[in-house]
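Scroll down for the structure; my scribbles are underneath it.
Okay, structure coming up:
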């Protein structure tokens with residue numbers, strides 16, 4: 002039985018198509034069209050890579066304005082597609098919680114493994130089909146297009162007007178530097194959430210920076226969720 006399974010794996014590997022052919026066989030037509038539009042098809046055949054491949058439905062979830070913008074900017078399109086590709090063959094068995102991989106875009110993507118429901122995600126996108134073997138790499142199918150991050154946690158908070166109170170509290174408590182670290186999750190109260198504390202509580206926090214720091218740290222966990 003073991004010998005038969007080994008033979009089956011060898012036969013499958015011998016007849017596996019290249020990465021583009023594997024994507025075609027799995028029906029990822031939107032991804033293939035965008036790869037061709039960005040001029041990346043030849044590059045994907047010139048080495049060994051792992052592709053985290055969004056389905057057609059995943060691309061359909063993107064706002065039309067985003068798709069229109071990418072169709073006009075092949076450089077931006079190529080960067081997003083490269084964000085879905087890493088060098089080498091990465092199997093499901095290689096994944097571990099919080100593992101980070103360097104993408105062809107020059108930025109990293111992170112695995113998260115949830116034991117309670119056996120879900121594995123990469124940058125928050127659920128991997129729905131693992132280990133589609135190609136002659137020059139591996140394909141894992143994901144349900145959401147991954148978008149490269151735009152700045153740190155502090156940058157994201159600063160860019161959201163509804164989190165301006167949180168930003169001011171973080172700065173007052175001297176935590177801005179700490180939130181530049183890697184592998185953090187922040188549960189970010191909105192301005193309205195702070196307002197519900199009432200003026201008496203807010204005044205007390207202003208007078209007690211240690212208490213403020215303790216409360217803010219209570220909203221941060223040292224890993225990603």
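Residue numbers (my numbering): 2 to 226.
The C-beta atom is built at its ideal place from N, Cα and C for all residues, glycine as well.
As the structure is a prediction and not an experimental result, all values here were calculated from the model.
Within its chain, find whatever has a CB closer than 8 Å to the CB of residue i; leave out the 5 residues flanking it on each side and keep chain order.
| i | result |
| --- | --- |
| residue 119 | none |
| residue 127 | 120, 121, 143, 144, 145 |
| residue 75 | 38, 39, 40 |
| residue 80 | 106, 149 |
| residue 220 | 187, 188, 189, 190 |
DSSP puts residue i in a beta bridge; with which residues?
| i | result |
| --- | --- |
| residue 111 | 101 |
| residue 55 | 143 |
Kindly indicate which three-state DSSP category residue i falls into: helix, strand or coil?
| i | result |
| --- | --- |
| residue 173 | helix |
| residue 146 | coil |
| residue 201 | helix |
| residue 216 | helix |
| residue 126 | strand |
Counting only the same chain and skipping the five closest in sequence on each side, list residues whose C-beta sits under 6 Å from that of residue i.
| i | result |
| --- | --- |
| residue 9 | At residue 9 the pLDDT is 42, less than 50, meaning the model places this residue with poor confidence and gives no usable figure here. |
| residue 114 | 98, 121 |
Taking all protein chains shown into account, do 16 or more other C-beta atoms lie within 10 angstroms of the C-beta of residue i, making it buried, or fewer, making it exposed?
| i | result |
| --- | --- |
| residue 60 | buried |
| residue 112 | buried |
| residue 30 | exposed |
| residue 85 | buried |
| residue 23 | buried |
Which same chain residues end up closer than 7 Å to residue i when comparing Cβ atoms and leaving out the 5 residues on each side of it in sequence?
| i | result |
| --- | --- |
| residue 210 | 173, 174 |
Would the stretch 132–143 count as touching the stretch 167–179 if we require 3 or more Cβ pairs under 8 Å?
no
Any contact of the stretch 151–165 with the stretch 86–96, i.e. 3+ C-beta pairs under 8 Å?
no
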